[in-house]
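For reference, the structure discussed in these notes is given below.
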Amino acid sequence: MAGTGVFAELVDGDGVFKYYSYGEWKKSCSGKSVPIINPTTRQPHFKVQACTQEEVDKLMEEAKTAQKSWAKTPLWKRAELLHKAAALLKEHKVPIADCLVKEIAKPSKDAATEAVRSGDLVSYCAEEGVRILGEGKFLVSDSFPGNERTKYCLTSKIPLGVILAIPPFNYPVNLAVSKIAPALIAGNSIVLKPPTQGAVAALHMVHCFHLAGFPEGLISCVTGKGSEIGDFLTMHPIVNCISFTGGDTGISISKKVGMIPLQMELGGKDACIILEDADLDLAASNIVKGGFSYSGQRCTAVKVVLVMESVANAVVEKVKAKVAKLTVGPPEDDCDITPVVTESSANFIEGLVMDAKQKGATFCQEYKREGNLIWPLLLDNVRPDMRIAWEEPFGPVLPVIRITSAEEGIHHCNASNFGLQGCVFTRDINKAILISDAMETGTVQINSAPARGPDHFPFQGLKDSGIGSQGITNSINMMTKIKTTVINLPTPSYTMG
Ligand code: G3H
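Numbering-wise (our numbering), the sequence shown opens with residue 816 and increments by one.
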């Protein structure tokens, strides 16, 4: 149960979850709270503190001070604490999963997987940090014309300072630790602003870091309304780097912030191109897994199927048969399709469906919705004039566009303003490589659905899908800067064989 056992100190006397600052769980002096609506019942389930700008200011100052000592903490000690936090995350996977079920309607098994995957990510990050931060470069001057060997250049990676981490609702724990762990191992401090839906799961995750014994002020977690503290956080002068995953808000953040490094992942319209020679059963399984896992609420979900006309009927029939087997219902029952996160999301998805209906798409299933629960829907014969051909539903609705050449599929993929991932199904590896190279996306999966993991793989989007590359190694590197020290010798010195 959320907020019980070792997590009891997270809740105040009024049942509101506290925020985390300077190693303590605190009530906001605003006296206000923000409700978290359970997507399944559509009733308020949890409440979190509505923090004030003054409270943000204070924890930013604390983060700045704590970072200075943390940067002096030996790398192996930083790694040791991260390993402790990882173990605690796994140990407490049940209450964390319980929050994910109630806050974001994540199916119960997937919710537990998120907690375990997060522990694994933190451990891997600790190890990778020890490997890559423990070594630097040594350059000598005589490789550049006009120089003798009188300068030795030593390079090392140093922390950026205070990292602001803003994860999205769909992975409030995993996409939080994918920012927190690299930041910490690299010697940074962290200020976390979790999404409102998912905030309580994130607070439980933060408590695992608290129990691991990280220094006071190094990690803070602030909750509240984006309208009150959002801009204040992102434009705060103490922040040295922002790692954000989410939607269009990322674009407006990038326009407002100053000269600080940004890591952004802002969604996708991942295309799945299916050629005539594809293994159609494999393609159909991946379309269903890629399109409908967590009810399509993944940035890496398959969001448009581009299938060659000659095999389109067969693919659509196979997908229809698999969709018919998906279970639909509450996350507590571990159903495949669960309610989408908010009523406004459900309304948006419905708008895309109605637009497709009006413009003549073929409905492979009857459209059905109860509250936030939308039954899985495959829309065949979608044309480029339909909104669903381009927009990201972030729900269990998948359009199929029939194509007559691979070039047509590539063209549709590249005409999108997004460029996160894509996939191609074919038995011809040469064609797969040509198509992969031609697709303007950060990653192309050959014969599998798009996915971010394993979490140490590089993960990046082109165009409106993001800035920079993630994945454990890239995130650690991104949260550091290079420092060089040059040793100047009075006379050239050469190492002899
Ligand atoms: O929603 C965005 C996530 O980065 C997707 O992660 O591919 O593991 O579901 P995933």
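Glycine included, C-beta positions come from ideal geometry on N, C-alpha and C.
- The stretch 1220 to 1233 and the stretch 1054 to 1073 do not touch, with fewer than 3 CB-CB distances between them shorter than 8 Å.
- From the listed residues Glu869, Ala1176, Ser1159 and Thr1256, the smallest Cα separation to Phe1209 is found for Ser1159.
- C-alpha of Tyr967 to C-alpha of Pro1307: approximately 10 Å in a straight line.
- By the criterion of at least three beta-carbon pairs nearer than 8 Å, the stretch 1078 to 1095 is in contact with the stretch 1271 to 1290.
- Note on the stretch 919 to 982: whole alpha helix (DSSP H) runs with a minimum of 4 residues are 923 to 948, in chain order.
- Classified as buried, Phe1059 has 16 or more neighbouring CB atoms from the shown chains inside 10 Å of its CB.
- For Trp885, the enclosing alpha helix (DSSP H) starts and ends at Gln868 to Trp885.
- Per DSSP, reduced to three states, the secondary structure at Ile1248 is helical.
- Annotation for Asn1289 indicates a beta carbon at 6 Å or more from all heavy atoms of ligand 1.
- In this structure, Asp1200 sits away from Val1215, with a CB-CB distance that is not shorter than 7 Å.
- Judged by their CB atoms, Pro1146 and Val916 are nearer to each other than the 7 Å cut-off.
- The stretch 1029 to 1078 contains, as complete alpha helix (DSSP H) runs of 4+ residues, the segments 1041 to 1049 and 1064 to 1071 (chain order).
- The DSSP assignment places 1244 to 1253 as complete runs of the alpha helix (DSSP H) inside the stretch 1222 to 1281, in order along the chain (cut-off: 4 residues).
- Ile919 and Asn853 have their alpha carbons spaced roughly 7 Å apart.
- With a threshold of 16 other beta carbon atoms within 10 Å, Gln1260 meets it and is buried.
- In the displayed model, Ser1284 falls within a strand according to three-state DSSP.
- Around the beta carbon of Val1015, 16 or more other beta carbons lie within 10 angstroms, which makes this residue buried.
- The Cβ atoms of Lys994 and Ala1017 lie no closer than 7 Å to each other.
- Residues of the same chain with a CB within less than 7 Å of the CB of Leu903, apart from the 5 flanking positions on each side, are Cys1023, Leu1026 and Ala1027 in chain order.
- Comparing alpha carbon positions, the residue from Ala817, Pro1030 and Val1122 closest to Cys1238 is Val1122.
- Sequence-distant partners of Lys905 (beyond 5 residues in either direction) whose C-beta falls short of 6 Å from its own C-beta, in its chain, are Val931 and Gly934.
- Here Lys972 is not near Thr1241, since their CB atoms are 7 Å or more apart.
- In the three-state DSSP reduction, Leu1167 falls in the helix class (H, G or I).
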